[in-house]
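K.L.:
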Amino acid sequence: MGVYNIAARYMLAPVLDALRGTSTIRCLAELERTQWWSREQLLELQSRRLRVLLQYAYERVPFYRRAFDDRGLTPADINTASDLSALPVLNRRDVRRHSAELQAMGFPGRRRLVARTSGSTGEPLAFCTTLEDRYSWGYARSLRALRWSGFRLGDSSIKLVEQPESSARRVAMTADITARLQRETLFDVRDMSGARVERLVVALERHNPALLRGYPSAVYLLALHIRSRGGSRFRPRSIVTAGEPLYDHQREVIADVFGLRPFSKYSSHEVLDIACECPAGAGFHVAAENVIVEVLDDEGQPVPPGTVGRIVVTNLHNYCMPFIRYELGDIGAMAEEQCACGRGLPLLRGLEGRRSDILITPEGGQIPGIVLPWSFLAEFGVDQLQIEQERIDAVKVRLVLNSCCDAESAGRAVSSVKSRYESILGPSVRVEIEVVPKIATTSRGKRAVVISSIAGKKRA
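Quick note on this note's numbering: the sequence shown kicks off at 11 and runs consecutively.
Rendered as structure tokens:
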């Protein structure tokens, strides 16, 4: 650990906490300790925090008071995460419809924050959270996850994301100290044109930040650009992606270009970091001290470990607007075994993206986009691919070719994609290929690999 890392951890960070009224470093120290607890110890801590949250929600939050009363329940009936199935699942539609009823009565205004999701699912959302939830526990979880990749507080970094929204006043007032502490440069990924990415590469070679992080699609495009120019002197010590699924073909290219394994985080704007890969690479460790993750079937019933289902989360620290059994729209599976790294935190596996990332066949088949073959496309000069399904009997595949792809390679790419995907989707689904100059992004710079308007209707 260098001198600046020590100063950042023991001088700048505590000053920042004091100025904005947060306790990030205290929370980080606790999380670094509890990650090594046994599953039994973690379950006891989680259950204790859950009981406190439920009692508070029953007393202060009209929505949950009614949810308990309508079912003839009291908070005393729910002691652990396994009892949560007695309560309803919350979704974005519920949050929009019952926003006022979901907010705690009498919650201090100075501790309240208003946040907004990106709307990448077509359902943007405004919600309330707190300084403690967002900037104490939330940031602490993020720092712990980054540490697993080799990052240390005070290391320089580059973040490939959209430009952030303005922060709460108290947080914005400490922006200068935050910038010195984080030593982070932001690159707006809504424009990833070749000339602009080349300027980024030149800057990266000049400053050589220790950490490269951002959306997987943006990091992947950066890696493709570096490969096309014959390499780069930029060599980060850590790579962390979040905000989208990290597909195998993206992981392979990123690792090949930078000579470094990328780490992936599972997060949402509503809860921030939920789970993250550790060096052992056996799955995503759930931050069980702060978050409860359940996996449910289509009827809302818990499924056994190893079975893929709908992911719902409970945030144990948002007392302003509790999200209890909140459905994110993602699918995955819990693992039964413990990770070889020795951490007692449960493992989340089989993260297959959003439920809207599922392709549906007329026969009722459900094919996660993340399991489709991608890597073979590189040999034909294909840089990006996007699949869109608007009808149950057809999918459209968009291909972005690199500058080295000639007409013959393009023809082979189209033919290969068509034959491979038709064999997977079956004879009743027509595969249409379209070569395009670029893949459109969302307002926040994300590039969806699979878009299915059919999946949500069939699985709702």
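Note that beta-carbon positions come from the ideal geometry of N, C-alpha and C, so glycine has one too.
As the structure is a prediction and not an experimental result, all values here were calculated from the model.
#1: Find the nearest neighbour of Glu400 within the set Ala423, Ser462, Gly352, judged by alpha-carbon distance.
#2: Would you report the Cα separation of Ser176 and Glu389, rounded to the nearest angstrom?
#3: Run through the DSSP bridge pairs and tell me what Tyr431 is partnered with.
#4: For Val313, does the three-state DSSP call read helix, strand or coil?
#5: How long is the line joining the alpha carbons of Leu326 and Thr195, rounded to whole angstroms?
#6: If you count every other CB in all the chains shown that lies within 10 Å of the CB of Asp201, and 16 or more means buried, which is it?
#7: Given this structure, state the Cα-to-Cα distance separating Ala125 from Ile402, to the nearest angstrom.
#8: What would DSSP say about Tyr257, mapped onto helix, strand or coil?
#9: Taking the CB atoms as reference points, tell me whether Arg408 and Leu387 lie closer together than 9 Å.
#10: So the alpha helix (DSSP H) Thr472 belongs to, where does it begin and stop?
#11: Starting from Thr34, trace the alpha helix (DSSP H) in both directions and tell me its first and last residue.
#12: Under 8 Å: do the segment 313-333 and the segment 43-53 share three or more Cβ pairs, one atom per stretch?
#13: Start and end of the beta strand (DSSP E) containing Ile321?
#14: Mind checking whether Ala17 and Ala67 have CB atoms under 9 Å apart?
#15: According to DSSP, which residues form a beta bridge with Ala125?
#16: Restricting to Cα atoms, I'd like to know which of Leu153, Pro437, Ser227, Lys428 is closest to Glu373.
#17: Determine, using beta carbons only, whether Val301 and Ile284 come nearer to each other than 9 Å.
#18: Please give me, in chain order, every unbroken run of the beta strand (DSSP E) with length at least 3 that falls completely inside the segment 384-410.
#19: Would you kindly work out how many angstroms separate the C-alpha atoms of Ile35 and Asp27, rounded to a whole number?
#20: Between the segment 77-85 and the segment 289-300, do at least 3 Cβ pairs fall closer than 8 Å?
#21: What is the DSSP secondary structure of His108, counted as helix, strand or coil?
#22: May I ask you to report which of helix, strand or coil DSSP gives Tyr225?
#23: Just to confirm, are Tyr145 and Leu112 a CB contact at a threshold of 9 Å?
#24: Once you ignore the five residues that flank Ala345 on each side, which residues in its own chain have a CB closer than 8 Å to its CB?
#25: Shortest alpha-carbon distance to Arg121 belongs to which of Gly31, Gly354, Glu309, Ser433?
#26: For Pro272, which of Ser248, Gly310, His279, Pro255 has the nearest alpha-carbon?
#27: Between which residues of its own chain and Ile264 is the CB-CB distance below 7 Å, once the five residues before and five after are set aside?
#28: Please report how far the alpha carbon of Ser322 lies from the alpha carbon of Tyr257, in whole angstroms.
#29: According to DSSP, is Gly342 helix, strand or coil?
#30: Is it buried or exposed, Asn328, if we count other Cβ atoms within 10 angstroms and call 16 or more buried?
#31: Does the distance from the CB of Ser166 to the CB of Ala220 come in under 9 Å?
#32: Measure the C-alpha to C-alpha separation of Met21 and Tyr149 and round it to an integer number of angstroms.
#33: On the CB-based measure, 16 or more other CB atoms within 10 Å of its CB, does Cys37 come out buried or exposed?
#34: Give the straight-line distance between the Cα atoms of Val445 and Ala298, rounded to the nearest whole angstrom.
#35: Can you give me the C-alpha to C-alpha distance between Ile88 and Arg440, rounded to a whole angstrom?
#36: Taking the alpha-carbon of Pro246 as reference, which of Val171, Trp46, Glu215, Cys349 has the nearest alpha-carbon?
P.N.:
Checking against the coordinates, here is how it stands:
#1: On the sequence shown, residue 400 is found 390 positions in, with the first residue counted as 1. Taking only the C-alpha atoms, the option nearest Glu400 is Ser462.
#2: Position 166 of the sequence shown, counted from the start, is the residue given in the question as residue 176. Position 379 of the sequence shown, counted from the start, is the residue given in the question as residue 389. The predicted position of Ser176 is uncertain, since its pLDDT is 48 and thus under 50; a value taken from the coordinates is nonetheless stated next. If you take the alpha carbons of Ser176 and Glu389, they lie about 43 Å apart.
#3: Counting from one through the sequence shown, the residue named residue 431 turns up at place 421. Beta-bridge pairing links Tyr431 to no other residue.
#4: To locate residue 313, count along the sequence shown from 1; it is residue 303. The answer is coil: DSSP assigns Val313 none of H, G, I, E or B.
#5: Numbered from its first residue, the sequence shown carries residue 326 at position 316. Numbered from its first residue, the sequence shown carries residue 195 at position 185. Distance between the alpha carbons of Leu326 and Thr195 is about 31 Å.
#6: As a first step, residue 201 is located in the sequence shown; it is residue number 191 there, counting from the start. Asp201 comes out exposed.
#7: By 1-based counting over the sequence shown, the position of residue 125 is 115. By 1-based counting over the sequence shown, the position of residue 402 is 392. Going from the Cα of Ala125 to the Cα of Ile402 covers about 36 Å.
#8: As a working note, residue 257 is residue 247 in the sequence shown. It is coil, neither helix nor strand.
#9: For the purposes of this step, residue 408 is identified with residue 398 of the sequence shown, where counting begins at 1. For the purposes of this step, residue 387 is identified with residue 377 of the sequence shown, where counting begins at 1. Cβ distance not < 9 Å, so Arg408 and Leu387 don't count as in contact.
#10: This structure gives no information on residue 472, because the portion of the chain shown stretches from 11 to 470.
#11: For the purposes of this step, residue 34 is taken as the residue at position 24 of the sequence shown. From DSSP, the alpha helix (DSSP H) with Thr34 extends over 34-44.
#12: no
#13: Translated into the one-based positions of the sequence shown, residue 321 becomes position 311. Where Ile321 is concerned, the enclosing beta strand (DSSP E) stretches over 319-325.
#14: Position 7 of the sequence shown, counting from 1, holds the residue named residue 17. Position 57 of the sequence shown, counting from 1, holds the residue named residue 67. In this structure, Ala67 does not lie closer than 9 Å to Ala17 by Cβ.
#15: Looking up residue 125 in the sequence shown gives position 115. Its beta-bridge partners are Phe137.
#16: For the purposes of this step, residue 373 is taken as the residue at position 363 of the sequence shown. Among Leu153, Pro437, Ser227, Lys428, the Cα nearest to that of Glu373 belongs to Pro437.
#17: Within the sequence shown, the letter at position 291 stands for residue 301. Within the sequence shown, the letter at position 274 stands for residue 284. Yes, these two residues count as a Cβ contact at 9 Å.
#18: 392-401
#19: Along the sequence shown, one-based indexing puts residue 35 at 25. Along the sequence shown, one-based indexing puts residue 27 at 17. Distance between the alpha carbons of Ile35 and Asp27 is about 8 Å.
#20: no
#21: Taking the sequence shown and counting its residues from 1, one reaches residue 108 at position 98. In this structure, His108 counts as coil in the three-state DSSP scheme.
#22: As a first step, residue 225 is located in the sequence shown; it is residue number 215 there, counting from the start. Residue state, collapsed to three classes: coil.
#23: For the purposes of this step, residue 145 is taken as residue 135 along the sequence shown, with counting starting at 1. For the purposes of this step, residue 112 is taken as residue 102 along the sequence shown, with counting starting at 1. No, Cβ-Cβ distance for Tyr145 and Leu112 is not below 9 Å.
#24: To locate residue 345, count along the sequence shown from 1; it is residue 335. Same-chain partners within the cutoff: Ala292, Gly293, Pro315, Gly316, Pro356, Leu357, Leu358, Arg359.
#25: Along the sequence shown, read from residue 1 onward, the residue named residue 121 stands at position 111. Checking every option, the nearest Cα to that of Arg121 belongs to Gly31.
#26: Position 262 of the sequence shown, counting from 1, holds the residue named residue 272. The residue with the shortest Cα to Cα distance from Pro272 is Ser248.
#27: The count along the sequence shown starts at 1 and reaches residue 264 at position 254. Cβ neighbours of Ile264 beyond the five flanking positions: Val229, Tyr230, Ala233, Ile249, Pro272.
#28: To locate residue 322, count along the sequence shown from 1; it is residue 312. To locate residue 257, count along the sequence shown from 1; it is residue 247. Here residue 322 turns out to be Val, not Ser, going by the sequence shown. If I take the Cα positions, the gap works out to 22 Å.
#29: Here residue 342 refers to the residue found at position 332 when the sequence shown is read from its first residue. Here Gly342 sits in strand by DSSP.
#30: On the sequence shown, residue 328 is found 318 positions in, with the first residue counted as 1. It counts as buried.
#31: Position 156 of the sequence shown, counting from 1, holds the residue named residue 166. Position 210 of the sequence shown, counting from 1, holds the residue named residue 220. Yes, they are a contact pair.
#32: Locating residue 21 in the sequence shown gives position 11, counting from the first residue. Locating residue 149 in the sequence shown gives position 139, counting from the first residue. Distance between the alpha carbons of Met21 and Tyr149: 17 Å.
#33: Here residue 37 is taken as the residue at index 27 of the sequence shown, counted from 1. By the 10 Å Cβ count, Cys37 comes out buried.
#34: Numbered from 1 along the sequence shown, position 435 holds the residue referred to as residue 445. Numbered from 1 along the sequence shown, position 288 holds the residue referred to as residue 298. Near 44 Å, if we compare the C-alpha coordinates of Ala298 and Val445.
#35: Taking the sequence shown and counting its residues from 1, one reaches residue 88 at position 78. Taking the sequence shown and counting its residues from 1, one reaches residue 440 at position 430. For Ile88 and Arg440, the distance between alpha carbons rounds to 49 Å.
#36: Position 236 of the sequence shown, counted from the start, is the residue given in the question as residue 246. The shortest Cα separation from Pro246 among Val171, Trp46, Glu215, Cys349 belongs to Glu215.
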